[in-house]
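What follows is a set of notes on a single structure, which appears directly below.
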Amino acid sequence: MTIQEIQAYLTEFFDSVELVGSGKGEISAPAKIESAGAGEVSFIANEKYLRFLDETKASLVIVHRSVNVADFAEGRSFLKVADPYTAFVFVLKKFSLPRTIAAPGIAPTAVIGEGAVMGEGVTVGQYAVVGDRCRIGAGSIIGPHAVIMHDVEIGEGCTIFPHVVCYDGTRIGRRVVIHAGSVIGADGFGFAPQADGSYVKIPQMGIVEIGDDAEIGANATIDRATMGSTVIGKGVKVDNLVQVAHNCRIGEHTVIAAQAGISGSVIMGRQCMIGGQAGFAGHLELADRTSVAAQAGVSKSFLEPGTALRGYPAQPMRDQLRHEAMLRHLGSMKDRLDELEQRLLKQPHGA
Amino acid sequence: MTIQEIQAYLTEFFDSVELVGSGKGEISAPAKIESAGAGEVSFIANEKYLRFLDETKASLVIVHRSVNVADFAEGRSFLKVADPYTAFVFVLKKFSLPRTIAAPGIAPTAVIGEGAVMGEGVTVGQYAVVGDRCRIGAGSIIGPHAVIMHDVEIGEGCTIFPHVVCYDGTRIGRRVVIHAGSVIGADGFGFAPQADGSYVKIPQMGIVEIGDDAEIGANATIDRATMGSTVIGKGVKVDNLVQVAHNCRIGEHTVIAAQAGISGSVIMGRQCMIGGQAGFAGHLELADRTSVAAQAGVSKSFLEPGTALRGYPAQPMRDQLRHEAMLRHLGSMKDRLDELEQRLLKQPHGA
Amino acid sequence: MTIQEIQAYLTEFFDSVELVGSGKGEISAPAKIESAGAGEVSFIANEKYLRFLDETKASLVIVHRSVNVADFAEGRSFLKVADPYTAFVFVLKKFSLPRTIAAPGIAPTAVIGEGAVMGEGVTVGQYAVVGDRCRIGAGSIIGPHAVIMHDVEIGEGCTIFPHVVCYDGTRIGRRVVIHAGSVIGADGFGFAPQADGSYVKIPQMGIVEIGDDAEIGANATIDRATMGSTVIGKGVKVDNLVQVAHNCRIGEHTVIAAQAGISGSVIMGRQCMIGGQAGFAGHLELADRTSVAAQAGVSKSFLEPGTALRGYPAQPMRDQLRHEAMLRHLGSMKDRLDELEQRLLKQPHGA
Numbered sequence: 000m001t002i003q004e005i006q007a008y009l010t011e012f013f014d015s016v017e018l019v020g021s022g023k024g025e026i027s028a029p030a031k032i033e034s035a036g037a038g039e040v041s042f043i044a045n046e047k048y049l050r051f052l053d054e055t056k057a058s059l060v061i062v063h064r065s066v067n068v069a070d071f072a073e074g075r076s077f078l079k080v081a082d083p084y085t086a087f088v089f090v091l092k093k094f095s096l097p098r099t100i101a102a103p104g105i106a107p108t109a110v111i112g113e114g115a116v117m118g119e120g121v122t123v124g125q126y127a128v129v130g131d132r133c134r135i136g137a138g139s140i141i142g143p144h145a146v147i148m149h150d151v152e153i154g155e156g157c158t159i160f161p162h163v164v165c166y167d168g169t170r171i172g173r174r175v176v177i178h179a180g181s182v183i184g185a186d187g188f189g190f191a192p193q194a195d196g197s198y199v200k201i202p203q204m205g206i207v208e209i210g211d212d213a214e215i216g217a218n219a220t221i222d223r224a225t226m227g228s229t230v231i232g233k234g235v236k237v238d239n240l241v242q243v244a245h246n247c248r249i250g251e252h253t254v255i256a257a258q259a260g261i262s263g264s265v266i267m268g269r270q271c272m273i274g275g276q277a278g279f280a281g282h283l284e285l286a287d288r289t290s291v292a293a294q295a296g297v298s299k300s301f302l303e304p305g306t307a308l309r310g311y312p313a314q315p316m317r318d319q320l321r322h323e324a325m326l327r328h329l330g331s332m333k334d335r336l337d338e339l340e341q342r343l344l345k346q347p348h349g350a
Numbered sequence: 000m001t002i003q004e005i006q007a008y009l010t011e012f013f014d015s016v017e018l019v020g021s022g023k024g025e026i027s028a029p030a031k032i033e034s035a036g037a038g039e040v041s042f043i044a045n046e047k048y049l050r051f052l053d054e055t056k057a058s059l060v061i062v063h064r065s066v067n068v069a070d071f072a073e074g075r076s077f078l079k080v081a082d083p084y085t086a087f088v089f090v091l092k093k094f095s096l097p098r099t100i101a102a103p104g105i106a107p108t109a110v111i112g113e114g115a116v117m118g119e120g121v122t123v124g125q126y127a128v129v130g131d132r133c134r135i136g137a138g139s140i141i142g143p144h145a146v147i148m149h150d151v152e153i154g155e156g157c158t159i160f161p162h163v164v165c166y167d168g169t170r171i172g173r174r175v176v177i178h179a180g181s182v183i184g185a186d187g188f189g190f191a192p193q194a195d196g197s198y199v200k201i202p203q204m205g206i207v208e209i210g211d212d213a214e215i216g217a218n219a220t221i222d223r224a225t226m227g228s229t230v231i232g233k234g235v236k237v238d239n240l241v242q243v244a245h246n247c248r249i250g251e252h253t254v255i256a257a258q259a260g261i262s263g264s265v266i267m268g269r270q271c272m273i274g275g276q277a278g279f280a281g282h283l284e285l286a287d288r289t290s291v292a293a294q295a296g297v298s299k300s301f302l303e304p305g306t307a308l309r310g311y312p313a314q315p316m317r318d319q320l321r322h323e324a325m326l327r328h329l330g331s332m333k334d335r336l337d338e339l340e341q342r343l344l345k346q347p348h349g350a
Numbered sequence: 000m001t002i003q004e005i006q007a008y009l010t011e012f013f014d015s016v017e018l019v020g021s022g023k024g025e026i027s028a029p030a031k032i033e034s035a036g037a038g039e040v041s042f043i044a045n046e047k048y049l050r051f052l053d054e055t056k057a058s059l060v061i062v063h064r065s066v067n068v069a070d071f072a073e074g075r076s077f078l079k080v081a082d083p084y085t086a087f088v089f090v091l092k093k094f095s096l097p098r099t100i101a102a103p104g105i106a107p108t109a110v111i112g113e114g115a116v117m118g119e120g121v122t123v124g125q126y127a128v129v130g131d132r133c134r135i136g137a138g139s140i141i142g143p144h145a146v147i148m149h150d151v152e153i154g155e156g157c158t159i160f161p162h163v164v165c166y167d168g169t170r171i172g173r174r175v176v177i178h179a180g181s182v183i184g185a186d187g188f189g190f191a192p193q194a195d196g197s198y199v200k201i202p203q204m205g206i207v208e209i210g211d212d213a214e215i216g217a218n219a220t221i222d223r224a225t226m227g228s229t230v231i232g233k234g235v236k237v238d239n240l241v242q243v244a245h246n247c248r249i250g251e252h253t254v255i256a257a258q259a260g261i262s263g264s265v266i267m268g269r270q271c272m273i274g275g276q277a278g279f280a281g282h283l284e285l286a287d288r289t290s291v292a293a294q295a296g297v298s299k300s301f302l303e304p305g306t307a308l309r310g311y312p313a314q315p316m317r318d319q320l321r322h323e324a325m326l327r328h329l330g331s332m333k334d335r336l337d338e339l340e341q342r343l344l345k346q347p348h349g350a
């Protein structure tokens, strides 16, 4: 691809894409700024990487429009844009080949249930099993060995990777991606304790609903509701090995990092950001745009939008940082206490 | 189902099931009290939901026998019982349809090993693989794509969901449920360090044994013992993404919430309750009825039955709550220290 | 196997293997010292188990060369070596039967892609899917239901258990073991935030590389790099349910216990030891031989080799233990503060 083609492509997304340098040469691949070589395109979005303006061997570098690159344009070219990171993401997209998960069409070894309705251009991989009465939207890809149980609805343009299991009744929107090994709609963890110490299983009669454009990582688990639905909102991104328990409702465009665990009936707002390994007690509510630090333990509701939480039990960032600073000064508090005692002991008692 | 039929059904489990209200009308589904509509049955077990006595549109509500509902019976009916929650669980069971995991019988694409013995009425789903010399008990269901390796024993009435893997030699009791993606009997994590910094793998020659009526969530992992057995007791409930390492012994009716991690050779008593994301050091022992809070880190044995643990390192609840209260008062301790210093500085030194 | 045969076998690994006792009798199995019976071999590596010298029913016990066993040799035999633990590991290996994961050869139901190259003696289990242009090294075993996507390279002598998924382009060295349900090479968790609160997916164009002799547990996830490679070094051992995010580089012979979570672009040295459920912020670096306690939260780089870390945020062991000791003394600090205030109040103010 020529540099001019990349420039033209980026003007689809940005008002201004200024070329500095010769603009000559073919670009064959994107690369990281540290390791990019001739014929490659990279980017600088962070000031601390500006030293690579000189060092890099990349033929093309995307930078912020405020960066003065005139001195470095000998032998390389620059594109100046308002958001070099996002510009580079679009360049990555341009260069990325579509991954082939399965050959187009329904594999001869795929098992399609009775009454299942397959949209136009659906791909079903080797040995995948699609249950009775399922509806798979146009252009969706069901990877090899995926198991879609009965009465599941999957919208248009979805990608279900190998070894995903969708339990009966799951409803998935459009353009949803589910990575390998995730289990959607297994029974919620509900057991009624009995007088003799044993438990009676509470039937988990609900389903899971996943909104448009959501992406679920590998080996994640999202449990069906006891009644009604566990809801993953539109555009939600769930990382690997995350647990979402029964009856949760996750708001649109919320992002949940790996190994976070969300107990039953949690209601989470829109555009929240949840750190890795964070945990949530059941039945609590978080307002929109709440952010939760990695490994935090959230034990109660936080209803003020935009609150940043941290620690165990999690509290607002300012309080928690003050608390952590206090903890760091425990040693000096003890020293001061020692000294006060010393001074008092030197005084005649009751003087 | 009529209200009288539900009343009659519940008298199988409760001494007294009193009907208040007209008792007229058909009930088509169970529902949550907040969202229940006409023709639906719900329940109130918690005082704070008593306001729904008036608001709900449910046609039938199950309540505790002590609740006075006479004023609310216009247009709806009530059943009064000693334990409305458990009563509702039984109603849920009554309404829940049996889930079809696979068509009855052995699917034509299932692979059954040499010498495998299949009990009466066993179901094996599409593409499931059952190894040589396995024994599958009467009425058990092996889901599509489950892989049961050689020499595995599964008792009567079990449900093995799709994509479960049972390694060779695993022994599973009766009526056990294992959800999708769980791996039972993989090698324990045992490696002997060598002088050059590398490791030699310690053969993991034992097996996993799972007792009657246990239920294992989705994508959980239970490792085989180095020698002997890793034991999951009768009636134990294990949630999604839980790790049980080699040589552990989990006592009967213990409940382990999602993402908890139990290191090797832990011995856990009966009827323990383990919170989500809790962690356990290896080779420790917990008495019966120990409860462990979510995210706690248990670093040593606790041998007193019924102890509630919390925090990191985990300590008995009373100690830990006192400790956490002290932490909350760090700020005021610092203020008091400041004031003491002030006062002493005002005094003539050595006075 | 006779005791003399075991002695001869161990002399392959140790300079000196001294037999004490009659040396008579057949050994049929290894066993734990607590439960070993007649005809079994066990070991004692830890002083606190020395009481079993007398109690055990094992016919043969492997002990450290410094242990005086003459008094206990009536009816049993001892082998004295420099490292009884490692000696016993080798004995375990001697007794362990090779596990049969799949019948030798390519199963008739396995699907092998176009242009795939299979080395000599490769085994591919029932229903396994191997993608186009894959290269599987001599003697490797691909378990039933494993899905190896396109362009994957697997070296000689590997064991891939059932239900593993290797995404396209993954490169695996020699003698690597991957346990059931692990997902290698799923997309890294990378999304560029947009002004409207939604996210654009960042293409994950890199791959995963796994070095020789690595072992990956069950249901673990190792994500592909955005560009370039996520690297698992030679001899690395990764336990169940571990998350390794995109662009990480894990040094040789590092060991990572269950449920640890390693954020993107972490660079970890050689021979590190990572405890269970430990978490790591992104883009940090750890020197060789760093050890991290279970549940620790590592928030920054530690570049001194051999540092032991603990706590949240993780700090060097000495500092953290001092901090934890201080925390335990909070109560007495408060008492001392109370007393100081008492004494000052008794004094005439401003005296």
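Chains as they are written, first to last, in numbering that gives the first Met the number 0: chain P, 0 to 350; chain W, 0 to 350; chain V, 0 to 350. Cβ coordinates follow ideal geometry from the N, Cα and C atoms, glycine included. It should be emphasised that the depicted structure is a prediction, and the values quoted were computed from it without experimental measurement.
- Chain order gives no chain V residues near P312 (chain P), where near means a beta carbon separation below 7 Å; the closest approach is about 13 Å.
- Each of V:R335, V:S264, V:I5, V:R64 was checked against the Cα of M226 (chain V), and the nearest Cα belongs to V:S264.
- Here V116 (chain W) is not near G138 (chain W), since their CB atoms are 8 Å or more apart.
- Against chain V, the beta carbon of Y84 (chain P) has neighbours under 7 Å at A191, listed in chain order.
- Inclusion of A72 (chain P) and V110 (chain P) in the CB contact set at 8 Å is not warranted, their separation being larger than that value.
- Under the DSSP assignment, E323 (chain P) falls in the alpha helix (DSSP H) whose first and last residues are 316-327.
- A Cβ-Cβ separation of about 11 Å leaves E152 (chain V) out of contact with G118 (chain V) under the 8 Å criterion.
- Relative to the Cα of R170 (chain W), the nearest Cα in the group W:C133, W:G104, W:I140, W:A286 belongs to W:C133.
- Where I5 (chain P) is concerned, the enclosing alpha helix (DSSP H) starts and stops at 2-9.
- The C-beta of L9 (chain W) has 16 or more other C-beta atoms within 10 Å across all chains shown, which makes the residue buried.
- Nearest to A217 (chain P) by alpha-carbon distance, out of P:M332, P:T85, P:K236, P:E25, is P:K236.
- In this chain, the beta strand (DSSP E) harbouring E39 (chain P) covers 39-42.
- Nearest Cα to E323 (chain W) within the set W:K333, W:Q276, W:R309, W:Q242: W:R309.
- Segment contact: the region 157-168 of chain V against the region 140-148 of chain V, three or more CB-CB distances shorter than 8 Å; contact assigned.
- Ranked by Cα distance from K233 (chain W), the options W:R174, W:D318, W:A57, W:Y311 are led by W:R174.
- The shortest C-alpha to C-alpha distance from P312 (chain W) to any of W:F301, W:V297, W:L326 is the one to W:V297.
- Bounds of the beta strand (DSSP E) holding K79 (chain V) are 76-80.
- Rounded to the nearest angstrom, the gap between the Cα atoms of G168 (chain V) and I255 (chain V) is 24 Å.
- In this structure, V60 (chain V) sits near F42 (chain V), with a CB-CB distance shorter than 8 Å.
- According to the DSSP assignment, P192 (chain W) belongs to the beta strand (DSSP E) that extends over 190-192.
- Cβ neighbours of K200 (chain W) within its own chain (closer than 7 Å, five residues either side excluded): F190.
- For the region 42-70 of chain W, the set of residues with a beta-carbon nearer than 8 Å to any beta-carbon of chain P is empty.
- At a Cβ-Cβ threshold of 8 Å, H178 (chain W) and V182 (chain P) count as neighbours.
- Under a 10 Å Cβ-count criterion, A86 (chain V) is classified as buried, with 16 or more other Cβ atoms of the shown protein chains found around its own Cβ.
- Boundaries of the alpha helix (DSSP H) harbouring E54 (chain P): 51-54, taken from the DSSP string.
- At the C-beta level, A307 (chain P) and Q294 (chain P) stay beyond 8 Å of one another.
- The closest CA to that of E208 (chain P), considering only P:D318, P:D287, P:G250, is found on P:G250.
- Distance from the CA of G130 (chain P) to the CA of R321 (chain P), rounded to the nearest whole angstrom, comes to 55 Å.
- For a Cβ distance threshold of 9 Å, residue set F188, F190, Y198, K200 of chain P lies close to K236 (chain W), ordered along the chain.
- Around the Cβ of S228 (chain W), a 10 Å sphere holds 16 or more other Cβ atoms; the residue is buried.
- Of all residues in the region 91-111 of chain W, only L91, K92, F94, S95, R98, T99, I100, T108 place a beta-carbon less than 8 Å from a beta-carbon of chain P.
- Residues of the region 120-145 of chain P with a Cβ closer than 7 Å to any Cβ of chain V, in chain order: Q125, Y126, P143, H144.
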